[in-house]
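Quick mapping for you: the protein sequence lines, in order, are chains A, B, C and D. In case it helps, our numbering puts the first sequence at residues 59 to 260. In case it helps, our numbering puts the second sequence at residues 59 to 260. In case it helps, our numbering puts the third sequence at residues 59 to 260. In case it helps, our numbering puts the fourth sequence at residues 59 to 260.
Protein chains: 4
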Amino acid sequence: MKISDYTSRKRPGRPRSKRSHQAILTATREILVEFGVHGLSIEGVAEKAGVGKTTIYRHWKSKEDLIAEAFGSIAHEIEIPDTGNAINDLTTVLNGMIEVANDATQSPAAFKKILAGLMESPALLNVYKKQFIVPRRNALKQIIEKGIDRGQIRKDIDIDPLIDIVGGSYFYTVLMNDKPVTVDDWLERIKPIIMDGIAPNE
Amino acid sequence: MKISDYTSRKRPGRPRSKRSHQAILTATREILVEFGVHGLSIEGVAEKAGVGKTTIYRHWKSKEDLIAEAFGSIAHEIEIPDTGNAINDLTTVLNGMIEVANDATQSPAAFKKILAGLMESPALLNVYKKQFIVPRRNALKQIIEKGIDRGQIRKDIDIDPLIDIVGGSYFYTVLMNDKPVTVDDWLERIKPIIMDGIAPNE
Amino acid sequence: MKISDYTSRKRPGRPRSKRSHQAILTATREILVEFGVHGLSIEGVAEKAGVGKTTIYRHWKSKEDLIAEAFGSIAHEIEIPDTGNAINDLTTVLNGMIEVANDATQSPAAFKKILAGLMESPALLNVYKKQFIVPRRNALKQIIEKGIDRGQIRKDIDIDPLIDIVGGSYFYTVLMNDKPVTVDDWLERIKPIIMDGIAPNE
Amino acid sequence: MKISDYTSRKRPGRPRSKRSHQAILTATREILVEFGVHGLSIEGVAEKAGVGKTTIYRHWKSKEDLIAEAFGSIAHEIEIPDTGNAINDLTTVLNGMIEVANDATQSPAAFKKILAGLMESPALLNVYKKQFIVPRRNALKQIIEKGIDRGQIRKDIDIDPLIDIVGGSYFYTVLMNDKPVTVDDWLERIKPIIMDGIAPNE
DNA sequence: AACTAACCGAGACGGTACGTCTCGTCTTCGC
DNA sequence: GCGAAGACGAGACGTACCGTCTCGGTTAGTT
């Protein structure tokens, strides 16, 4: 049983409080957005959530686990678009990445701070990988593969490195720029270079 | 005057001890390599360097400042190669980036840890930018420009985004992979995609 | 509620540890005896007591408060003798003062050091007054008053100044002599002078 | 040569500055009066005197030595009165002790603070003994002896304990009272008790 | 209805590190 | 060589959090 599986009702005794669980997650997310990973302390979360520290450690086995779950609600799952046009679908997914950075946290600077904070430990890095990268990488991959099938993208393309390039440039742009990432900052600038690489050979 | 400008002999009183200054930097670098930014404490540095904490705070105004300077000696300046062949020169610089990651710190995992640690604060991020990115970006830029002049690289290329892509993918590869970056992991994989974008149109 | 009132079980949360509380007091007393007020540091107490510094600050709001309480267990309360003979009773109390100096701290030099240390601050001086002087002064006063009633001490005596003289000479003897105070050093020497002043006029 | 013997002009080089020496003593005395022994730091003295710390340590080998000398100018030497009336002479000397406490330091509270501070270390205690007690004890002793010769004081008196009682009660009164000592507080209160002990038996 | 197991909050626990302070000493320059 | 300025190693200060532990008191679902 996962430590945070508070819903499981096999075991005896008083069940975990959903209210507390939720309050902790909310407090965590708010602190994360306002102060970043760095400025988050368990004691701070406990106070903000009106909860004992023990309760937090009962639900999550570490600070990192808590942050992981809270980050999950920022970089939520995505749907994979399928309009029949691979280029459009790619653009949709990539735009979605920008939106996460700018919208999900209210303040765009917050996303940068959080992202940077996730580098603090291998565990948190894995959170970023699992919660953010993997779903998007999968989406891109599927779209590209479909695009290749449809002849919209040239078929000798090496998909994984391409996605790494896109993901890396996203990551880099988010972290290194002082301003929030915009479509023009990132997508429009990399497009010409990437496009040459994926445009179907005629 | 910078707080760490211990050499300036305008001011009266006992001059800052070069020996202590150096011992602190060395201790910092060693701790950084072994334990990462996260595992570095001022008290640890002081003890390892055989120095009082006050001396550290006298030379650097914060932990970040100290790390910045110590990082500088890991990601040292580079020379810009000029063999007449832009592609070769680019490869040299990019190989150099891999070497920094793998050699400068003895342990390749260390570089990943340090790099991640530098994301902890905007100040440290700037250190990475200034100490690592800017010199390499400048090198790449010069080489590309010369390559364009010589007709080795097509001239409608948008240089800055291209370099961002390369830098981002480097950064991403270093951080996201569990193993040290190798030429094959990174350079050989991105080459085909990048090359299509820069190869001269004939 | 006093900060050190760890016994009160009105408040929620884990109760203060009596074991730690006691260990701190013991360590404090031992350090006090060995090194004096001057040589006592909170960190030293914490280490000797096997306790975190925070625990000390949780139980006592300052170093002075801690010393005050620790001193209390050196200069403990006294019982007021009542044998019917005021002169004997006085002698008992005064001998008790000598015993405190010589016995309670194991080493007589220690009492001198501690007493001197208590002069360091008005707060500590008050501790001495409250913990040491006041109870003894009260005892002497009661005995003298009873002695006057019984006609053992002349009734026109001015009690307070007399006690001041006795207390002062005690204090002075403890502080100024290099050796521990003995009955002969102090009590026997002042007796003739005092006695003349208190012997009943016939 | 005493370390503070700045006047000696045997040795080569720049002579010690009387100006600095004096400034240090003055600053010390002023800080002593205002903040007590406790509140005096060498760094504070250096700054107030406009002098380097080294200079202080060149003139006095320790903080205690400096305080000793500065205290000397507060509890200055006394003259031994000899009016032919021992009781009058005693009163003069004792009044002088009160004056030292109240006048020499401007603020009477200061004397209490300084006196308490002198208990901090055996060295300082010796300063008090040597600078303050010994001269006054000698004066009292001489006067009493002359008084005995003249038949003004009874001759079976034990002089030393008597003086201890007087000195102790002075010391005690200064330290324990919150207000400055006055003639009435101290001298007038102890007189009746002491007098009975010294009045000549007729 | 009583029992019991796991929850809850509050807050204490031993620790580590922080950045600041002052100690008494050391080291340089310029008079 | 003295005097000033100020750096030096040392170590204590009181504070902030860490992750754990310990209370009295809930809150279900068994018996």
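Backbone N, C-alpha and C fix where the C-beta goes; we use that ideal spot for every residue, glycine too.
Given a cut-off of 7 angstroms on the beta-carbon distance, is the pair residue i and residue j in contact?
i, j, result
"I252/D", "Q200/D", "no"
"G94/D", "K188/D", "no"
"V103/B", "T86/B", "yes"
"A126/B", "V192/B", "no"
"P221/C", "I248/D", "Rather than Pro, the amino acid found at residue 221/C in this sequence is Ile. Against a cut-off of 7 angstroms, the Cβ pair of I248/D and I221/C comes out as no contact."
"A268/D", "E101/D", "Residue 268/D is absent from the model: chain D starts at 59 and stops at 260."
Using a Cβ-Cβ cut-off of 8 angstroms (strictly less than) and excluding sequence neighbours within five positions of residue i, which residues of its own chain qualify?
i, result
"L151/A", "One point to set straight first is that residue 151/A is Val, not Leu, in the sequence displayed. Answer for V151/A: I136, I138, P139, R194, A197, L198 and I201, listed in chain order."
"F229/D", "L173"
"V239/B", "I156, A159, N160, P166, Y228, T231 and V232"
"N153/B", "V241 and L245"
"D254/B", "none"
Near residue i, which residues of its chain fall below 7 angstroms by C-beta distance, leaving aside the five closest residues on each side in sequence?
i, result
"D147/B", "P139, D140, T141 and I201"
"G225/A", "I191 and R195"
What number of angstroms, rounded off, separates the C-alpha of residue i from the C-alpha of residue j?
i, j, result
"I145/C", "L183/C", "30 angstroms"
"L245/A", "E157/A", "12 angstroms"
"S99/D", "E92/D", "13 angstroms"
"H117/B", "L124/B", "8 angstroms"
"R74/B", "I82/B", "13 angstroms"
"I261/C", "I211/D", "No statement about residue 261/C is possible, as the shown extent of chain C runs from 59 to 260 and does not include it."
"S62/A", "R72/C", "Bear in mind that a pLDDT of 49 at S62/A, under 50, signals an unreliable position, so the number given afterwards is only what the model happens to contain. Going by the C-alpha atoms only, they are around 25 angstroms apart."
"D236/A", "D207/B", "33 angstroms"
"L90/C", "R77/C", "20 angstroms"
"T84/B", "K204/A", "54 angstroms"
"T112/C", "K119/C", "10 angstroms"
"K213/C", "D243/D", "22 angstroms"
"M234/B", "P219/A", "13 angstroms"
"N143/C", "T149/C", "10 angstroms"
"I217/B", "I256/A", "19 angstroms"
For residue i, which option in the options has the closest C-alpha, if you only look at C-alpha atoms?
i, options, result
"E88/A", "E105/A, M155/A and L233/A", "E105/A"
"I114/C", "D242/C, Q80/C, L90/C and P238/C", "Q80/C"
"F129/A", "S99/A, G154/A, G175/A and R72/A", "G175/A"
"E178/B", "H96/B, R69/B, D214/B and S120/B", "H96/B"
"I132/B", "Q164/B, S120/B and E122/B", "Q164/B"
"H134/A", "D161/A, V224/A and P250/A", "D161/A"
"P250/C", "M234/D, T149/D, D243/D and I215/D", "I215/D"
Enumerate in chain order the residues of its own chain whose CB-to-CB distance from residue i is below 6 angstroms, with the five nearest sequence positions on each side excluded.
i, result
"P70/C", "none"
"A107/D", "A81, I82 and A85"
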